[in-house]
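Everything on this sheet refers to the single structure shown next.
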Amino acid sequence: MPALAPSTLFDLPDTSPDPAVFAAPSGITVLSYGLGADSTAILLKFLAHPERYGLAPDLSDLVVVHAVTGDEWPDSLDYVDRLVLPRLRRAGVRLVQIARAGRHDADGVVVLDDSRSPRAIFQQGPMRLSDELREAGTVPQIASGRRTCSLRWKGFCLDQWAAAEFGGASFRRVIGYHYGELGRAEKDTRIQRLLNAEAGRTICEPFYPLILARQGRQEVEDYVLEHLGEPIRKSYCAMCPFSGVCASRSAHEQRLREHPHIAADVLRMEHVSMALNERSSLYGSASLYRRLTEDGRNRPVLRAFEESLDQAPYAIYEVRRIFFAARTADCREHHGRSCRSAKWWCRRPRTEQCRADHPDAGFEPWCPGAAGCRGAAAKGTAWRSVRTVWEGGRSTAEHMVREFAREHRFPLRRGEMSEIERAHYLATADGYPAAAGYVVAAPAGVRDKQRQNFEAAWTRHTGEIGSRWTPLRELPPQEARRFTGGKPLIRQARTLGGVTFIP
Ligand code: SF4
Ligand SMILES: [Zn+2]
Ligand SMILES: [Zn+2]
Numbered sequence: 000m001p002a003l004a005p006s007t008l009f010d011l012p013d014t015s016p017d018p019a020v021f022a023a024p025s026g027i028t029v030l031s032y033g034l035g036a037d038s039t040a041i042l043l044k045f046l047a048h049p050e051r052y053g054l055a056p057d058l059s060d061l062v063v064v065h066a067v068t069g070d071e072w073p074d075s076l077d078y079v080d081r082l083v084l085p086r087l088r089r090a091g092v093r094l095v096q097i098a099r100a101g102r103h104d105a106d107g108v109v110v111l112d113d114s115r116s117p118r119a120i121f122q123q124g125p126m127r128l129s130d131e132l133r134e135a136g137t138v139p140q141i142a143s144g145r146r147t148c149s150l151r152w153k154g155f156c157l158d159q160w161a162a163a164e165f166g167g168a169s170f171r172r173v174i175g176y177h178y179g180e181l182g183r184a185e186k187d188t189r190i191q192r193l194l195n196a197e198a199g200r201t202i203c204e205p206f207y208p209l210i211l212a213r214q215g216r217q218e219v220e221d222y223v224l225e226h227l228g229e230p231i232r233k234s235y236c237a238m239c240p241f242s243g244v245c246a247s248r249s250a251h252e253q254r255l256r257e258h259p260h261i262a263a264d265v266l267r268m269e270h271v272s273m274a275l276n277e278r279s280s281l282y283g284s285a286s287l288y289r290r291l292t293e294d295g296r297n298r299p300v301l302r303a304f305e306e307s308l309d310q311a312p313y314a315i316y317e318v319r320r321i322f323f324a325a326r327t328a329d330c331r332e333h334h335g336r337s338c339r340s341a342k343w344w345c346r347r348p349r350t351e352q353c354r355a356d357h358p359d360a361g362f363e364p365w366c367p368g369a370a371g372c373r374g375a376a377a378k379g380t381a382w383r384s385v386r387t388v389w390e391g392g393r394s395t396a397e398h399m400v401r402e403f404a405r406e407h408r409f410p411l412r413r414g415e416m417s418e419i420e421r422a423h424y425l426a427t428a429d430g431y432p433a434a435a436g437y438v439v440a441a442p443a444g445v446r447d448k449q450r451q452n453f454e455a456a457w458t459r460h461t462g463e464i465g466s467r468w469t470p471l472r473e474l475p476p477q478e479a480r481r482f483t484g485g486k487p488l489i490r491q492a493r494t495l496g497g498v499t500f501i502p
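The following block contains the structure:
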């Protein structure tokens with residue numbers, strides 16, 4: 000059988016569907032186990048034929064690591080508990096379960112369990128991804144093309160744990176990309192090579208057994224079914240909006256119907272997120288709520304959600320936003336690399352008249368500018384302030400929002416997608432910079448949050464001082480950013496009598 004060096008990873012052999020692969024058995028192989036079909040299939044292959052994958056016959060050089068987000072579907076946990084863990088126990092394979100210790104990276108990573116006889120997959124660590132999202136009043140998001148949640152709740156934990164575990168020693172990192180994900184694997188390899196080059200050493204070498212075996216999604220699922228006797232379901236967080244990747248819409252909705260209380264939680268998370276920002280539904284141009292209304296079978300789920308709203312403690316939030324102007328091509332052309340002037344009138348070099356009409360410090364939206372000096376504005380960054388101004392029951396909260404609008408003759412508008420009522424006391428004008436303010440009733444639990452300089456910028460842009468309503472509490476103190484100092488902080492949890500303690 001030919002030996003494949005990692006550098007020839009994508010020069011696949013012509014024939015064998017499950018080729019023998021001899022990786023340098025110099026170190027440890029780490030399989031990051033997401034509980035889904037792909038990594039389960041790889042685990043089964045390793046258990047059946049360790050030698051084919053360059054592993055020791057007793058698998059003593061394999062470490063399976065699972066990052067716990069706290070929002071995995073219960074049936075996925077149950078599947079692995081019943082069908083996979085007994086096999087790991089029999090083979091004495093080391094399973095490490097890790098999770099974020101808190102909101103801040105500097106809080107470190109908790110090892111919930113590190114065992115060669117694991118009894119169960121942990122449902123959650125000290126904090127759940129959904130806790131973080133609820134506090135922030137948002138849903139999982141993509142930034143710069145990458146899923147922030149996955150980076151923070153999986154990637155970060157795995158990297159920190161590996162850094163603490165292996166120090167400077169390299170290891171082999173197994174990833175469950177299947178044959179249909181060749182592109183993702185190639186990208187992953189490129190990134191890892193870059194990281195290795197930056198570090199001046201091989202941190203780890205990626206290894207993709209399913210791609211080498213040329214197994215696509217369906218073959219992988221069939222393989223798991225054949226070996227474990229039950230079809231495996233997709234593994235992902237219940238509120239994952241990237242479910243197009245994780246599972247088809249119909250499979251996802253079926254699962255929500257099977258777990259109406261989880262579905263109600265997810266819908267409530269989306270509801271709060273949209274109350275604070277109409278456009279931040281789970282699917283961008285569509286909300287999960289709307290999608291579910293399209294199928295009559297989802298009625299019990301929607302009822303559970305409505306009931307959960309009625310029972311939830313409610314809050315009135317005052318939401319203020321400042322939309323800054325972005326630099327435009329004109330601005331760059333005339334004002335070079337950095338421009339601290341008002342970017343919306345940077346259509347041409349400033350004239351003496353411009354300087355008189357809208358000097359540097361006085362350019363805010365009320366400045367009309369001299370005719371023709373203004374180019375089209377572009378939207379820049381947006382700042383948001385969320386303050387809790389009242390807490391109590393749902394119907395009172397909604398009534399108070401309506402009364403506020405009626406009393407002051409502010410427009411009361413329903414969100415186009417969310418249908419949530421908001422009393423708008425300040426609406427955005429055309430162009431940028433702009434500012435907007437409204438009050439809205441929604442389930443309580445969002446942490447008050449705004450940037451340190453928000454109030455100053457708000458006053459500068461609107462002439463108003465502070466929020467219209469008095470916030471219930473002071474802003475939480477700005478937590479000084481704590482750095483890990485480059486050293487991973489790993490905490491070992493202890494479990495006594497079924498209760499897990501985190502030091
Ligand atoms: S499954 Fe979805 S929500 Fe959960 S961490 Fe991954 S991308 Fe984020
Ligand atoms: Zn400029
Ligand atoms: Zn001008």
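Numbering that gives the first Met the number 0 applies: residue 0 is where the sequence shown begins, and numbers increase by one. Backbone N, C-alpha and C fix where the C-beta goes; we use that ideal spot for every residue, glycine too.
Residue environment, residue i, which counts as buried when at least 16 other CB atoms sit within 10 Å
i: Asp309; result: exposed
i: Gln451; result: exposed
i: Gly167; result: exposed
i: Glu229; result: exposed
i: Gly124; result: buried
i: Gly136; result: buried
i: Ser249; result: exposed
i: Arg408; result: exposed
i: Pro139; result: buried
i: Lys378; result: exposed
i: His103; result: exposed
i: Phe362; result: Confidence at Phe362 is low in this model, with a pLDDT of 48, below 50, so its placement is unreliable and the value that follows should be read with caution. Buried.
CB contact flag (residue i, residue j, <9 Å)
i: Leu30; j: Val219; result: no
i: Gln214; j: Pro205; result: no
i: Arg278; j: Leu425; result: no
i: Ser307; j: Leu266; result: yes
i: Gly391; j: Tyr313; result: yes
i: Val62; j: Val95; result: yes
i: Pro487; j: Gln122; result: no
i: Ala311; j: Arg393; result: yes
i: His258; j: Ala237; result: yes
i: Gln477; j: Val109; result: no
i: Ala303; j: His260; result: yes
i: Ser149; j: Asp264; result: no
i: Gly175; j: Asp37; result: yes
i: Gly107; j: Ile489; result: yes
Closest by C-alpha distance to residue i, when choosing among the options
i: Ile512; options: Asp80, Val83 and Ala40; result: Residue numbering for the chain in the displayed model covers 0 to 502; residue 512 lies beyond these limits and cannot be assessed.
i: Val79; options: Val438, Gly35 and Arg421; result: Gly35
i: Leu76; options: Gly33, Arg86, Ala105 and Val95; result: Gly33
i: Arg254; options: Pro73, Val439 and Asp447; result: Pro73
i: Met126; options: Arg115, Gln140 and Leu111; result: Leu111
i: Val438; options: Arg412, Ala142 and Ile97; result: Arg412
i: Cys507; options: Arg446, Tyr282 and Leu224; result: With the chain represented from 0 up to 502, any question about residue 507 goes unanswered, as that position is not in the structure.
i: Gly144; options: Lys186, Leu181, Arg86 and Phe322; result: Lys186
i: Trp457; options: Trp382, Ala443 and Pro442; result: Trp382
i: Leu291; options: Ile419, Met268, Glu252 and Ala328; result: Glu252
i: Asp70; options: Leu132, Pro117, Thr28 and Pro49; result: Leu132
i: Val67; options: Ile97, Arg86 and Leu54; result: Ile97
Alpha helix (DSSP H) segment containing residue i, residue limits
i: Ser384; result: Run containing Ser384: none in the alpha helix (DSSP H); it sits in the beta strand (DSSP E), Lys378 to Gly391.
i: Glu473; result: Careful: Glu473 lies outside any alpha helix (DSSP H) and carries neither H nor E.
i: Ile321; result: It is not in any alpha helix (DSSP H) - Ile321 instead sits in the beta strand (DSSP E) that spans Tyr313 to Ala324.
i: Gln191; result: Leu181 to Ala198
i: Thr494; result: Per DSSP, Thr494 belongs to no alpha helix (DSSP H); it is in the beta strand (DSSP E), Arg493 to Leu495.
i: Pro85; result: Leu84 to Ala90
i: Leu150; result: Looking at the DSSP string, Leu150 is not in any alpha helix (DSSP H), and its letter there is neither H nor E.
i: Phe165; result: Phe155 to Phe165
i: Pro208; result: Pro208 to Leu211
Span of the beta strand (DSSP E), counted from its first residue to its last, around residue i
i: Pro73; result: It is not in any beta strand (DSSP E) - Pro73 instead sits in the alpha helix (DSSP H) that spans Pro73 to Tyr78.
i: His423; result: Glu420 to Leu425
i: Gln310; result: Run containing Gln310: none in the beta strand (DSSP E); it sits in the alpha helix (DSSP H), Arg298 to Gln310.
i: Ile97; result: Arg93 to Arg99
i: Val63; result: Leu61 to Ala66
i: Thr39; result: Premise fails: Thr39 lies in the alpha helix (DSSP H), Ala36 to Ala47, not in any beta strand (DSSP E).
i: Asp113; result: Val108 to Ser114
i: Ala249; result: According to the sequence shown, residue 249 is Ser rather than Ala. Premise fails: Ser249 lies in the alpha helix (DSSP H), Arg248 to Glu257, not in any beta strand (DSSP E).
i: Ala171; result: Residue identity check: residue 171 is Arg in the sequence provided, not Ala. That run of the beta strand (DSSP E) goes Phe170 to Val173.
i: Arg413; result: Leu411 to Arg413
i: Thr499; result: Val498 to Phe500
Problem set entry | Segment contact, 8 Å Cβ cut-off, at least three pairs: the segment 28-46 with the segment 188-200 | no
Exercise. Would you call the segment 374-391 and the segment 464-473 in contact, with 3 or more CB pairs under 8 Å?
Worked result: yes
Exercise. Below 8 Å, can you find three or more Cβ-Cβ pairs linking the segment 58-70 to the segment 81-93?
Worked result: yes
For this session: Taking 8 Å as the threshold, find out whether the segment 425-436 comes into contact with the segment 296-303 through three or more Cβ pairs.
Result: no
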